[in-house]
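J.: Below is a structure I'd like to ask you about.
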Amino acid sequence: MSEFDRAAEAIDAGELVVYPTETVYGLGAAALEPDAVERVFEVKGRDRSKPLSFAVPSVPSALQYVRATERERRFMATFLPGPVTVLCRRREAVPDELTAGRDRVGVRVPDHPLALRLCEKAGTPITATSANVSGRPSVRELEDLDPEIREAAAVALDGGETDGTESTVVDVSSETIHRRGAQADEIEAWLETH
Numbered sequence: 001m002s003e004f005d006r007a008a009e010a011i012d013a014g015e016l017v018v019y020p021t022e023t024v025y026g027l028g029a030a031a032l033e034p035d036a037v038e039r040v041f042e043v044k045g046r047d048r049s050k051p052l053s054f055a056v057p058s059v060p061s062a063l064q065y066v067r068a069t070e071r072e073r074r075f076m077a078t079f080l081p082g083p084v085t086v087l088c089r090r091r092e093a094v095p096d097e098l099t100a101g102r103d104r105v106g107v108r109v110p111d112h113p114l115a116l117r118l119c120e121k122a123g124t125p126i127t128a129t130s131a132n133v134s135g136r137p138s139v140r141e142l143e144d145l146d147p148e149i150r151e152a153a154a155v156a157l158d159g160g161e162t163d164g165t166e167s168t169v170v171d172v173s174s175e176t177i178h179r180r181g182a183q184a185d186e187i188e189a190w191l192e193t194h
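Under full-length UniProt numbering, think of the first position of the sequence shown as 1, with each following residue one higher.
Right, here's the structure in full:
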């Protein structure tokens with residue numbers, strides 16, 4: 001069995017996987033499974049009040065898990081796949097553990113062939129959070145993984161060196177950029193003109 005197939009199986013089994021994206025390496029787990037999400041928080045040492053995003057292979061697949069307005073859909077069609085996290089109203093299937101109890105959830109469609117294939121193969125949204133212990137730098141190459149993350153992950157997929165610029169986190173409904181990252185200027189321009 002290939003590393004890739006093992007990664008998809010690990011997610012299915014509730015385990016953690018490190019995967020490359022067009023920004024930094026991500027830590028993936030089944031995003032709709034509260035226990036798997038809990039493990040991500042635990043391993044990262046992440047504050048439970050900080051929500052996690054999820055990654056899916058396409059905008060249509062994202063719409064199964066969020067209620068997006070017409071404008072949010074237009075935004076997603078423009079910027080996804082890409083280094084952007086879009087906050088949308090979640091549907092019932094998305095657990096509180098992922099969103100820290102909030103009604104919006106971050107959606108990612110990574111612009112990276114390996115990440116997209118993993119999302120596709122997993123058949124479920126996977127967590128989209130950087131593969132590092134909270135407070136430490138994000139990881140652009142597998143060899144830089146924190147030992148805690150390396151030990152906790154069932155599989156680490158090597159996609160070579162990643163770009164390193166974090167995704168931009170945007171709430172289209174309130175026209176708020178929560179974190180400026182890749183393409184922030186284009187996103188700002190879009191929000192002003194659409």
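Glycine included, every Cβ here is placed at the ideal spot set by N, Cα and C.
It should be emphasised that the depicted structure is a prediction, and the values quoted were computed from it without experimental measurement.
Determine whether the beta carbon atoms of residue 194 and residue 104 lie at a separation below 8 Å.
T.: The answer is no: Cβ separation not under 8 Å.
J.: For residue 153, which residues does DSSP report across the bridge?
T.: 16.
J.: What residue does the alpha helix (DSSP H) around residue 55 start on, and which one ends it?
T.: Looking at the DSSP string, residue 55 is not in any alpha helix (DSSP H); the run it does join, the beta strand (DSSP E), is 53–55.
J.: Report the partner residues of residue 88 according to the DSSP bridge assignment.
T.: According to DSSP, which records beta bridges pairwise, residue 88 is partnered with 105.
J.: From the DSSP output, read off the bridge partner residues of residue 26.
T.: Beta-bridge pairing links residue 26 to 19 and 130.
J.: Taking three-plus beta-carbon pairs below 8 Å as touching, is the stretch 139–154 in contact with the stretch 74–87?
T.: Too few Cβ pairs lie closer than 8 Å, so no.
J.: Answer with buried or exposed for residue 21, where buried requires no fewer than 16 other C-beta atoms within 10 angstroms of its C-beta.
T.: Buried.
J.: Comparing C-alpha positions only, which one of 192, 1 and 181 sits nearest to residue 175?
T.: Residue 175 has its Cα closest to that of 192, out of 192, 1 and 181.
J.: Kindly list the residues whose CB is nearer than 7 Å to the CB of residue 45, restricted to its own chain and excluding five residues on each side of it in sequence; keep chain order.
T.: Counting only Cβ-Cβ distances below 7 Å, and skipping sequence neighbours, we find 133 and 134.
J.: Measure the CB-CB distance between residue 31 and residue 116 and report whether it falls below 8 Å.
T.: Taking 8 Å as the Cβ cut-off, residue 31 and residue 116 do not qualify as a contacting pair.
J.: Using only alpha-carbon positions, find the residue among 126, 49, 19 and 187 that is nearest to residue 161.
T.: The candidate whose alpha carbon is nearest that of residue 161 is 19.
J.: Three or more beta-carbon pairs under 8 Å between the stretch 179–188 and the stretch 76–83, yes or no?
T.: Result yes; three or more Cβ-Cβ pairs closer than 8 Å.
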